[in-house]
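Protein chains in written order, with our numbering: chain Z, 31 to 355; chain L, 102 to 511.
Positions of the beta carbon are idealized from the N, C-alpha and C atoms, including for glycine.
Because the structure is a prediction, the values reported are computed rather than measured.
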Amino acid sequence: MPEITFREAITQGLAEAIETDQNVFIMGEDIGEYGGAYSVTKGFLEKYGDKRVKDTPISEAAFVGAGVGAASVGLRPIVELMSISFSLVAFDQIVNMAANLRYMSGGQIKVPMVIRAPTGAGVQLGATHSQSFETWLAEVPGMYCACPSNPSDALGLLRTSIKSDNPVIFAEHSHLYGARGEVSDDYYEIPFGKARIDRTGDDLTLVSYGFGVRVLQEAADALAAEGIDAEIIDLRSLSPVDFDTVVASVQKTGRAVMLDTARKTGGIMSEIVSEVQERAMDWLDGPIMRVGAKDVPWPYNRGLEQDILPDADDVVEATRRLISV
Amino acid sequence: MQRARLDRAPSAPISFGIESKFEFTLRNAQFIALHGIDLCARIESFRVMEQAEKPRVSTTGIVRPAFTESTPVSPSTNGYNVKAAATLSNDLDNAELVRMYRLMVLIRRFEETCGQHYSLGNVRGFLHLYIGQEATGIGAISALEPRDYIVTHYRDHGHAIARGLDTNRIMAEMFGKRTGLSKGKGGSMHIFDAAKHFMGGHAIVGAQLPLAAGIALAQQYQDTDVVTMVFFGDGATNQGTFHETLNLASVWQLPIIFFMENNLYGMGSAVGRVRHRGADFSDAMGAYDVDVISVDGMDVVAVREATQAAVDRVRAQGSPIFIEAKTFRFVGHSFADPGDQYRERSEVDLWRRRDPLETYPQRLLDFGVASQAELDDIAASVDAEIDAAVEFATNSSDPDLSEAFDDVYA
């Protein structure tokens, strides 16, 4: 299997969709001539033309809403937000239009639309550009939310997203674009709501998604050195969440630490902790621990930002507290 | 003064002493010349209303047009220039003129009935009635083909009826029943009939504009000649989505009609109080190079002919156009609003004297389009249709509780 980057996997998924489905087009700010803020669509405009690759004005509400409108009459737009932080400007179109349209029309309308957006903190962009609103959007019924952690999942989940007849938030952690991994040459899709066991272990269940999985891998290595055998679960999608896989793992290990790369308060992991304790209380050997970004706006200063960001040390520390209970 | 204005030759451009308004008049004149349609008589009454705007000195010392009260044309002219017109319409046959009258009565009775059933508790939530604005929606929508798309705002019952949606199923939706168009899950503000290309019913002010642009984009993408018409009120013009969508439509040359129903009040806020240029929208679209047609929204024939010209141009050329119809809701913003807190009784009364349900049937009689007996028959058939709709809604069942989980995902 060839090894490619996360960025290349997404590029491949977009290209094959444009080439195989006449109804697919992509639009967003600077995705054409500029090639995309993260170079995902470099060369697309030259290759596919301005009908399939549409540069938009800096009008997130208008072009996200236009995507919903185009989808509502049968096209399959893939809309890129330059940052998931910019979803705030288009929130009404995402929530009230993309997600609610089907329900409030009594099922008359489908919205087959993908909203791709880089997410995450850690590169000193300050409070407005560093947020992780996939956790907010995952709460909204009528929409799916996919958050790949590696190139193979990125391609498989993107294929599923584009083929879905529902709106999908596709959150790409910006730290991952250069990450390499093996991707099968054989066609495959990865369904939503099916978590991946990244690493098996018997002593402890670690849960996260996206870039958080990388943090857990580092933490698991550190814990292994202390003789703790951790299992890592990569959720892959935040809506729907594969509770079954998490519960089954916790029933095996009896302990769990869950990591949000978004702010801890209101993060998706509070939902998962709640569900798991309802379904697996009798198997728990201690409280389920939760690690997340500290509850302040994202600071610019590198030292401050790194302190706010949850890292492997925080996961290891939470595990120690859990085991000492 | 009103008399004097009406005595002018209908096609003579009127200078308002304000540069932009003069340009606006010229722009309309150019448009009319291009399309060979004499809209001037139709928009005359609108111009007279414009005259009523009194300059107001703002706190910054800048003189702005105000629209704190409106002065419609004398009701004795019924809003049209009898001398200028030999027939009621050069384009529409009698059957179509009568059909529009039936829609007008149907919308009025539907809305009155919704109000009654709101009082009875059968209709709940927010209820925004279209009473007073019927001529606008009917004139606009009747110019469209079945393949064209309509997107509208929350005051949507009138548009739904004008589009020919089943009154039984609209009423059932009002009652929250499973036989409603949205299976009882949308309500008054979210009326949809995708099969009739009626794409809502949208309740966040201005939010429907980007959606409509996307539908128009899909038509351009698929190289159809389908026109998308999006309705919004004067209130929506202060939303960012309004300006963003106008720009997008202009940059991409989308086949879309921006149809503004300027009823002069965004809920309780007079447009002159909350908008920099007050009720004057003539040059607001200039920045986007979108042509503007202004029309008297109380005159169904004028709205129809102006819209038809716009539809024909958009269908042929594919570029956006903006229509402003000046109209008035006789009732409050919603059923919870008596509508008398923020507007003078005299203003409402003046507009009520131009009630299309009074003026239009009189014109049908004056021009010999229909007899009184025919109009009476129409009113009776409308009453029967409304009674049937209420019966249908009443006898329909509520959704099963399990249906709350249906239609979340496709």
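| Item | Value |
| --- | --- |
| Pair within 8 Å by beta-carbon distance, ALA249(Z) and VAL346(Z) | yes |
| Segment contact flag, the segment 58-78 of chain Z with the segment 39-50 of chain Z, C-beta cutoff 8 Å, min 3 pairs | yes |
| Residue-level contact to chain Z via CB, ASN191(L), 8 Å cutoff | no |
| Residue-level contact to chain Z via CB, ALA322(L), 8 Å cutoff | The identity of residue 322(L) in the sequence shown is Tyr, whereas the question assumes Ala. By this cut-off, TYR322(L) is an interface position. |
| PHE93(Z) to THR253(L) span [Cα, whole Å] | 18 Å |
| Proximity to GLU459(L) [Cα-Cα], best of MET205(L), PHE468(L), ASP192(L) and GLU197(L) | MET205(L) |
| Those runs of the alpha helix (DSSP H) which lie wholly inside the segment 119-206 of chain Z and span at least 4 residues | 131-134, 164-167 and 181-193 |
| Selection from PRO171(Z), ALA129(Z), GLN52(Z) and VAL287(Z) that minimises the alpha carbon distance to ASP315(Z) | VAL287(Z) |
| Limits of the unbroken beta strand (DSSP E) element including TYR330(Z) | Unbroken run through TYR330(Z): none, as it is neither H nor E. |
| Partner residues on chain Z for THR342(L), Cβ-Cβ distance less than 9 Å | SER89, ALA91, ALA92, GLY95, ASP122 and GLN123 |
| With 16 other Cβ atoms within 10 Å as the buried cut-off, status of MET311(Z) | exposed |
| Reference ARG21(Z); option with closest CA among ARG244(Z), ASP272(Z) and ALA348(Z) | The requested residue 21(Z) does not occur in the structure, where chain Z is confined to residues 31 to 355. |
| Inter-residue CB distance, PHE200(Z) and SER194(Z) (contact presumed, cutoff 8 Å) | Wrong, their Cβ atoms sit about 10 Å apart, outside the cutoff. |
| Residues of its chain near TYR239(Z), where Cβ-Cβ distance is below 7 Å and the 5 sequence neighbours each way are ignored | CYS177, SER179, ASP264, LEU265, ARG266 and LEU268 |
| Anticipated Cβ contact below 8 Å, ILE424(L) with ILE394(L), distance rounded | 5 Å |
| For GLY172(Z), the nearest candidate out of VAL306(Z), GLN161(Z), PRO148(Z) and ILE139(Z) (CA to CA) | ILE139(Z) |
| Minimum Cβ-Cβ distance from ASN553(L) to chain Z less than 8 Å | The requested residue 553(L) does not occur in the structure, where chain L is confined to residues 102 to 511. |
| Chain-ordered chain L contacts of ARG132(Z) [CB-CB under 8 Å] | ASP508, VAL509, TYR510 and ALA511 |
| DSSP bridge partner residues for LEU234(Z) (one or two, in chain order) | ALA260(Z) |
| Paired residues, beta bridge with TYR366(L) - DSSP | ALA371(L) |
| 6 Å Cβ shell around ILE34(Z) - same chain, five flanking residues per side excluded | PRO181 and VAL213 |
| Supposed close pair ALA120(Z), GLU90(Z) - CB separation, criterion 8 Å | 4 Å |
| Helix, strand or coil at MET272(L) [DSSP, three-state] | helix |
| 8 Å Cβ cutoff, LEU105(Z) in contact with chain L | yes |
| Pick from LEU352(Z), VAL103(Z) and PHE36(Z) that is closest to ARG248(L), judged by C-alpha positions | VAL103(Z) |
| Residue range of the unbroken alpha helix (DSSP H) whose run includes THR237(L) | 235-242 |
| Within-8 Å CB hit, PRO166(L) to chain Z | Residue confidence is low: PRO166(L) scores 32 on pLDDT, short of 50, so the model does not pin down where it sits. No coordinate-derived value is stated. |
| Beta-carbon proximity of TYR133(Z) to VAL331(L), cut-off 8 Å | no |
| ASN496(L), buried or exposed, once every other Cβ within 10 Å from all chains shown has been counted against 16 | exposed |
| Proximity test, Cβ basis, 8 Å: VAL144(Z) and chain L | no |
| Identity of the residues DSSP links to TYR510(L) by a beta bridge | Answer is none; TYR510(L) lacks a bridge partner. |
| Same chain only: Cβ atoms within 6 Å of GLN409(L), ignoring 5 sequence neighbours per side | ALA244 |
| TYR255(L) versus THR268(L), GLY334(L) and GLN323(L), residue with shortest Cα-Cα distance | GLY334(L) |
| Check whether ASP183(Z) and LYS224(Z) have beta carbons under 8 Å apart | no |
| Contacts around VAL415(L), its chain only, beta-carbon distance under 8 Å, and the 5 residues preceding and following it disregarded | VAL328, PRO356, ILE357, ILE358, PRO421 and ILE422 |
| Residues bridged to ARG285(Z) (per DSSP) | For ARG285(Z), which the question treats as bridged, DSSP gives no partner whatsoever. |
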